[in-house]
Structures are given as C-alpha cells and as structure tokens.
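Student:
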Amino acid sequence: MDSDPFSFLEKFGWKPGLERIEKMLADWGNPQNNMNTILVGGSNGKGSVAAMLTGILRAEGLKVGSYYSPHLLEFGERMQVNGINIGEGMLDLYVGRTKGWINEKKEITYFEAVTASAYDYFSANRVDWAVMEVGMGGRLDATNVAREKLSVISSISLEHKEWLGDTEEKIAYEKAGIIKNGPCVSGSGNEAIRRRAREVGVPLYVYEEDFECEEGEVSAEKTIFDYVGKEKMEGLELSMLGKFQVRNAGLAVRAAEELGIGEGSIRKGLKKAKLRGRLEVLQQEPLVVADVAHNPGGASALVESLEIFGKRRRIIVFGCMKDKEWKDVLKILSRVADKFIFAKVEMERAEEPEKLLEEGRKYCESEMAESIGEAVGKALEDAGEDDMVLVTGSLYIMKEAYKELGVL
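547 is the number of the first residue of the sequence shown in this note's numbering; add one for each residue after it.
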C-alpha cells in the first residue's frame with residue numbers, strides 16, 4: 547500500500563474546529579463513544595508514548611486500536627488493531643464513504659476524514675481501548691471529539707507557530723485542550739496545563755513532581771531505568787533506544803498505573819513496544835541511524851542521545867519542511883555534525899536544499915543531492931566503517947532513505 551488513499555482531500559488543507567468531524571461521526575452513529583479512549587498529545591514523543599501504552603494495554607490482554615499520524619512507510623500504519631495495519635479493502639470502504647459525504651456538498655478535511663475513519667474502524671473491531679496520537683495542537687484537533695478516559699501530554703516546545711501561537715504558554719494552552727474528562731499525565735508543568743486541569747476538575751500528574759525515572763543502562767542495545775510513582779519499579783527495560791525514551795516511558799507507566807495496570811504487564815509491554823524512525827539503527831559498519839526529529843526540542847533530545855553510539859565521525863543526511871524551525875534544528879545538529887548532505891523531499895511543503903546548503907555551510911562541510919536516496923548513497927560512499935550516517939529532519943524523508951538502504 548504505497549499511495550495515500552485520502553490524498554484527494556489535501557486540497558481542503560487544515561482548518562481548526564470540530565464541527566465538521568462531529569457531523570460526520572454523528573452520521574456514522576458516533577462510533578467514538580463505543581470505546582475507552584486515551585488521547586496522547588504534545589510536541590515531541592507522543593508517538594513513542596502511544597506505542598508504549600499500546601504495548602502495555604496489549605500485555606494486559608486488552609484489544610487495542612492505535613492511531614498514529616503521519617505514517618512513516620505506508621498509510622495503513624495510521625490505524626492498527628493489536629499491532630496489525632488496516633487493510634486496503636477497509637480503507638477503500640472509508641474512502642468511498644468519505645467521497646459520498648463530500649458529494650452531498652458537505653466539507654471535511656484530510657485529517658478529519660482519516661480520524662473519523664479510525665474511530666469507526668476501531669468501533670467495528672470492538673476494541674477495548676483506542677490510543678489516539680493527537681495531530682496538531684489538541685483543543686481543536688479532530689481526535690479531540692472523544693471523551694477521553696485519560697490524556698497524556700508528552701512535552702511542550704515551539705512548533706506550528708502560525709497555528710498554535712508564538713510562545714510555549716500559547717502552545718501549551720492548545721495542547722491542554724485534550725484535558726476534558728479524565729486525569730492527565732504530563733511531561734510539562736506549564737501553567738496553561740495546570741490551569742486547564744483545575745478548570746475541568748481533573749487530577750494532573752507532572753513528571754519530576756508526582757513521579758520520576760532514573761536512568762540505569764542507556765546503551766546502543768537497550769535502555770534500562772527505574773521508576774518511582776504510585777509504585778516503585780526497578781530495572782524496567784525498553785527496546786526503544788535513547789535517553790529521551792526514558793522520560794516517555796515514565797509518562798506511559800504513570801498513565802498505566804492510573805488505569806490500574808500492574809507491574810507485570812507494564813514490564814512486558816514496555817519491552818515489546820516499538821516505533822520505527824525513533825533513534826532506529828538501520829545497519830552497522832557504517833552505522834546508520836534514523837530519527838524523525840523535526841523541531842528544536844526533538845533535535846536537542848536526539849543530539850543528547852547520540853552519545854550511546856560513542857565518538858564517531860558523523861555525516862548527517864537532512865531534509866525538512868518549510869514550516870519548521872529548521873535553522874534552529876541545524877544549529878543544534880551542528881554540534882555533532884562533521885558533514886551535512888541536504889536533499890529535497892518530494893512534497894510541496896519541503897524546503898529547498900539550496901537554502902539548507904547555505905545555512906549548513908556556516909557550521910561544517912556541506913553538500914547537496916538530487917534526492918534523499920542519492921543523499922543516503924553519497925553518505926554511505928563517504929563513510930568509513932567506524933563512522934555514522936544519521937538520517938533526520940522530517941518523518942517524510944524516511945521512506946526514501948529506507949528504500950535506498952533496503953530496510954523497508
């Protein structure tokens with residue numbers, strides 16, 4: 547499933563508001579009300595937290611629908627039931643229903659139609675829990691039509707400033723809009739989040755205030771940490787790499803505790819949880835790592851985590867979207883870069899590699915390639931067996947990079 551079956555809706559762009567999806571879901575019988583829902587929002591780490599929570603719930607023997615956006619390699623990744631992607635036949639059904647909706651002169655955006663389809667698909671599959679990764683913001687995000695049993699806010703950093711606001715406080719206000727019905731577990735103690743929890747009268751649990759994690763072994767093979775929250779759990783193990791995943795795991799564990807899930811399922815679920823493109827090792831000699839960091843917060847977490855791979859010459863393959871804070875991202879990455887290779891992503895939103903090259907040359911040796919695949923090829927030719935190739939800057943560059951490396 548290479549193509550995006552909902553691409554015909556991209557012309558409608560992104561429009562804030564829940565009215566359109568609420569009407570569509572009402573016509574479909576409000577399927578979002580037929581399951582327990584966890585909303586996972588934030589600036590960085592929300593996909594990882596969602597994957598960890600999915601693993602924990604499944605380890606408890608529950609049937610879980612997981613919603614991710616955008617997809618990394620194929621569209622079906624966006625809607626999974628117990629880890630299995632939605633099939634083409636079901637997607638065709640939802641595309642047909644969406645086109646029927648539009649033909650009745652009703653409007654719906656891309657993300658709204660996909661989200662509505664996910665809720666209906668999960669309802670049809672009678673899932674016990676839906677773990678929904680929030681898209682942009684939260685307050686007016688399409689996922690927010692559900693009355694959540696629990697919400698998680700992974701982190702707050704500057705992003706989508708034209709839509710969400712130009713300060714962390716404004717962005718936190720939008721993210722905190724997913725707090726409506728149930729308790730919230732947050733990686734940020736931003737006052738806008740605290741205020742929202744007080745206004746709706748739900749408990750708020752903040753990382754490093756109400757619960758915390760202590761790193762144990764954080765290596766290129768595994769991540770081990772201790773957790774202190776409602777209970778104390780020592781030697782929890784993650785298969786997902788990187789210091790930043792310890793924090794994400796802490797959020798998932800505290801959320802699981804709130805749902806009454808015991809230590810056994812938490813241990814099993816964390817160890818099995820996986821999400822591609824998050825400090826993912828794709829090959830050895832030379833070492834090739836992929837990470838979807840696309841904003842300053844994500845870049846900082848990535849740079850800090852690279853130390854697990856030891857001191858190496860690092861060649862960074864980079865492509866990004868125009869609407870990201872890419873100059874700040876490059877400045878952060880330059881702290882660990884020996885060379886940049888820039889290329890354009892095949893999307894209208896993609897930044898021109900000439901602009902990236904001009905900025906990259908301020909920091910270190912830099913060159914350009916015609917495509918992400920070519921950039922990866924150049925990096926591999928240049929790299930010695932003890933060097934590292936890092937592919938980063940956007941989730942949208944990953945498929946072409948993986949294809950070049952033969953790891954789809």
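Glycine included, every Cβ here is placed at the ideal spot set by N, Cα and C.
1. Grouping DSSP H, G and I as helix and E and B as strand, with all else coil, what is residue 911?
2. Rounded C-beta distance between residue 807 and residue 863? I'm assuming under 8 Å.
3. Here's the rule I'm using: 16 or more other beta-carbon atoms within 10 Å means buried, otherwise exposed. How should residue 723 be labelled?
4. For residue 761, does the three-state DSSP call read helix, strand or coil?
5. Using three-state DSSP, classify residue 675 as helix, strand or coil.
6. Can you tell me where the beta strand (DSSP E) with residue 751 in it begins and where it stops?
7. Less than 8 Å between the beta carbons of residue 926 and residue 937, yes or no?
8. Identify whether residue 580 lies in helix, strand or coil by the three-state DSSP scheme.
9. Just to confirm before moving on: does the CB-CB distance between residue 658 and residue 688 stay below 8 Å?
10. For residue 972, which of helix, strand or coil comes out of DSSP?
11. Our contact map puts residue 889 next to residue 921 with C-beta atoms below 8 Å; I'd like the distance itself, whole angstroms only.
12. DSSP three-state label for residue 884, please.
13. Could you tell me the alpha carbon to alpha carbon distance between residue 747 and residue 694, rounded to whole angstroms?
14. In the structure shown, what three-state DSSP assignment does residue 599 receive?
15. Under the rule that 16 or more other beta-carbon atoms within 10 Å means buried, what is residue 834, buried or exposed?
16. On the criterion of 16 or more Cβ atoms from any shown chain inside 10 Å, does residue 572 qualify as buried, or is it exposed?
17. Would you report the Cα separation of residue 645 and residue 756, rounded to the nearest angstrom?
18. When burial is assigned at 16 or more other CB atoms within 10 Å of the CB, is residue 933 buried or exposed?
19. In this structure, how does DSSP classify residue 731 when only helix, strand and coil are distinguished?
20. Does the beta-carbon of residue 713 have 16 or more other beta-carbons within 10 angstroms, so that it is buried, or is it exposed?
Tutor: Per the coordinate set shown:
1. strand
2. In fact, because the Cβ distance is near 39 Å, the residues do not count as touching under 8 Å.
3. buried
4. strand
5. Three-state DSSP puts residue 675 in a strand.
6. 750-752
7. no
8. helix
9. Closer than 8 Å, so yes.
10. Absent from the model: residue 972. The displayed extent of the chain is 547 to 954, so no value can be given.
11. Right, the Cβ-Cβ distance comes to about 4 Å (below 8 Å), so this counts as a contact.
12. coil
13. 14 Å
14. helix
15. buried
16. Looking at its Cβ environment, which holds fewer than 16 other Cβ atoms inside 10 Å, residue 572 is exposed.
17. 47 Å
18. buried
19. Residue 731: strand per DSSP, three-state reduction.
20. exposed
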